[in-house]
Amino acid sequence: MHVRFMGTGAADFSPRLKTDLSDKLDRDARRSSSVLIGGTLLIDCGPHVTDSFRIQGLEASRVTDLLLTHLHDDHFLPDRAAALAAACRGALRIWYRAGAEIAPIPGAEMRPVQPGETFDAGEYTVRALAANHTAYPLHYDIEGPDGARLFYGCDGAWVLYDTFYAMRRREYDGMILDATVGDYTGDFRLGEHNSIPMIRLMTASFKTERVLATEGKVCLSHIARTLHAPHAELAAAMEKEGYLTAYDGMQWEIAPHGDAADGEK
Ligand SMILES: [Zn+2]
Ligand SMILES: [Zn+2]
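Following our numbering, the numbering of the sequence shown begins with 1 at its first residue and continues without gaps.
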C-alpha cells in the first residue's frame with residue numbers, strides 16, 4: 001500500500017504558505033492534513049489539497065474516492081471537494097459520517113456511512129470507525145488489495161470503546177495517529193487530540209492487544225507546528241522510540257505482514 005502525505009498539519013497554518021512557500025513543500029510549514037493512497041483514494045480535502053496535488057505534480061483525475069474524517073474546515077472545504085470532483089474522470093464517491101449535512105457536490109456521489117460499516121472504495125476495503133472528536137468524526141480501517149492494513153486516526157483523541165474492540169487483533173501494518181499536541185502534559189485538548197505522551201500510552205496497548213502488527217509502524221501526523229519542535233528535531237527524537245513522523249510529500253510504502261500476505265488470519 002502506497003501512502004503519500006499531501007499535508008500533515010493542524011489548523012495553525014503558517015502565513016508563509018501564502019507567500020514564499022505557495023509553490024513549495026516545507027517540513028515546518030505543514031499543509032492541511034490529507035493522504036493519497038495508491039493515487040486513487042484520498043483522505044480529506046482541506047484548503048491546501050489542490051496546491052499539494054499541483055506542487056507534487058500528481059493527477060487529481062485518478063482519484064475515485066474521497067474519505068472525509070470530519071467536517072472541520074482544515075479537513076473539508078466544499079469548494080475544494082468540488083474542484084476535485086470536476087478534475088476526476090468519473091463520478092467521485094465521497095464517504096462521510098451519516099447525519100452530517102453536506103450540500104450535494106456536482107460530479108460527486110454522496111455516500112454517508114455509519115460507524116462500524118464496511119464498504120469498497122475502489123480496490124480498498126474500508127471500515128468506518130467512531131472517533132473521539134467533533135463535527136461528525138470517523139477514523140478509517142483500510143485494507144489494500146495486497147492485504148496491507150492501515151489505520152487512519154486523524155482527528156481524534158485516544159480511541160473509543162467500540163473502535164478499540166474493532167481494532168484489537170487487526171495487526172495494522174501502519175497506523176497514522178493524530179499528534180496535534182507536543183511532548184508535554186496538561187494540555188486542554190485532551191478530549192479531541194492526542195499528545196505525544198498519550199500516543200506512548202496507546203502504543204503500548206496497541207502492541208499487547210495486537211492492534212499493531214509486530215513489524216507495524218505508528219506514524220505521527222496532524223502535527224501542530226506551534227506545539228512541537230521543528231520537524232528534524234521531532235522526527236529524530238521520535239525515531240529513537242520507533243515512530244515515524246510524517247512531513248508533507250512523504251511517501252510511505254506499507255508492506256503487509258506475513259499472515260495478511262498469505263490471506264489467512
Ligand atoms: Zn484538524
Ligand atoms: Zn478537527
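C-beta: ideal position from N, C-alpha, C; glycine also.
The beta carbon of A224 lies closer than 6 Å to those of A10, D12 and T180 in the same chain, with the five residues before and after it left out. For M110, the enclosing beta strand (DSSP E) begins and ends at A108 to V113. Counting every other CB atom within 10 Å of its CB across the protein chains shown gives D51 a total of 16 or more, marking it as buried. Sequence-distant Cβ neighbours of Y172 in its own chain, meaning closer than 7 Å and more than five residues away, are R149, L150, F151, V211, L212, A213 and G216.
With 16 or more other CB atoms across the displayed protein chains lying within 10 angstroms of its CB, G174 is buried.
If only complete runs of 3 or more residues are kept, the region 175 to 232 shows the beta strand (DSSP E) at 212 to 221, in order along the chain. In the DSSP assignment, H139 forms a beta bridge with L129. For A83, there is no enclosing beta strand (DSSP E); the residue is part of the alpha helix (DSSP H) that begins and ends at P78 to A87. Residues G38, T40, G144 and P145 of the same chain have their beta carbon placed closer than 8 Å to that of E123, with the five preceding and five following residues left out of the count. Distance from the C-beta of D155 to the nearest heavy atom of ligand 1 is below 7 Å.
The alpha-carbon separation between V218 and V126 amounts to approximately 19 Å. 8 Å or more divides the Cβ of V49 from the Cβ of F5. Separation of V159 and A131 (C-alpha to C-alpha, rounded to the nearest whole angstrom) is 7 Å. A residue is called buried when at least 16 other Cβ atoms come within 10 angstroms of its Cβ; S22 does not meet this threshold and is exposed. When C-alpha distances from D141 are compared across A157, Y161, R170 and H133, the shortest belongs to R170.
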